[in-house]
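Worksheet: the structure to be examined is printed underneath.
In the numbering used here, the protein residues as written are 13 to 183.
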């Protein structure tokens with residue numbers, strides 16, 4: 013008789029474990045679903061967030077090259093609907109902000125030697141907003157000053173010049 017009680021006890025224990033596993037699965041599903049609805053609701057509200065964007069410089073003055081780009085990324089503080097900010101955060105990892113060096117006013121650093129320039133980022137806010145293509149408001153850009161170190165572009169030697177004559181011509 014004892015064996016039957018043990019078998020019955022095992023049977024009910026297994027049933028209880030299956031029932032508990034089912035309850036935990038249902039609870040986890042609805043917890044995830046409620047989190048998803050809460051997150052979608054919060055994205056509809058206006059929020060403030062920082063988005064990091066890579067920077068790329070174009071139209072560098074003729075005969076010059078950028079030696080050191082600082083920084084490699086800009087930190088943009090944005091204010092707007094959560095959906096727009098989420099979209100910008102996702103696209104900010106692969107799409108760089110382009111700074112047209114010929115259209116901004118480069119200011120020369122007085123203390124340094126060589127071709128050291130700086131750009132105040134408040135002067136390029138309109139360009140940044142148009143590149144973002146979003147209904148967010150740009151509240152600030154960090155760093156507030158971009159430093160560019162330019163150098164004269166090295167020229168390649170001319171192949172047809174008399175200085176490059178072949179030594180073994182007389183052979």
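Glycine residues also receive a C-beta, built at the ideal position from the N, C-alpha and C atoms. Values in this document were obtained by computation on a predicted structure and should not be read as measured data.
- Our two residues, residue 46 and residue 95, have alpha carbons roughly 18 Å apart in a direct line.
- Proximity of the region 77–89 to the region 146–160 meets the contact definition, three or more beta-carbon pairs being nearer than 8 Å.
- With 16 or more other CB atoms across the displayed protein chains lying within 10 angstroms of its CB, residue 144 is buried.
- Residue 100 places its beta carbon less than 7 Å from that of residue 146.
- In terms of Cβ geometry, residue 82 and residue 159 form a close pair [threshold 7 Å].
- DSSP links residue 106 through a beta bridge to no other residue.
- Beta-carbon to beta-carbon, residue 112 and residue 70 are separated by about 6 Å, close enough to satisfy the 8 Å threshold.
- With fewer than 16 other CB atoms across the displayed protein chains lying within 10 angstroms of its CB, residue 36 is exposed.
- Scanning 138, 66 and 73 for the CA closest to the CA of residue 106 turns up 66.
- The residues 161, in chain order, have a CB closer than 6 Å to that of residue 80 in the same chain once the five nearest residues on each side in sequence are set aside.
- By the criterion of a C-beta distance shorter than 7 Å, residue 119 is surrounded in its chain by 129 and 130, once the five residues flanking it on both sides are discounted.
- For residue 72, no beta strand (DSSP E) segment is defined, and its DSSP state is neither H nor E.
- Here residue 54 has 94 as same chain residues with Cβ atoms under 8 Å from its own Cβ, once five neighbours each way along the sequence are excluded.
- Secondary structure of residue 147 (DSSP, three-state): coil.
- Using a Cβ distance threshold of 7 Å, residue 157 and residue 132 count as a contacting pair.
- By the C-beta density criterion, residue 38 is exposed, having fewer than 16 other C-beta atoms within 10 angstroms.
- Note on residue 164: under 16 other CB atoms within 10 angstroms of its CB, so exposed under the neighbour-count rule.
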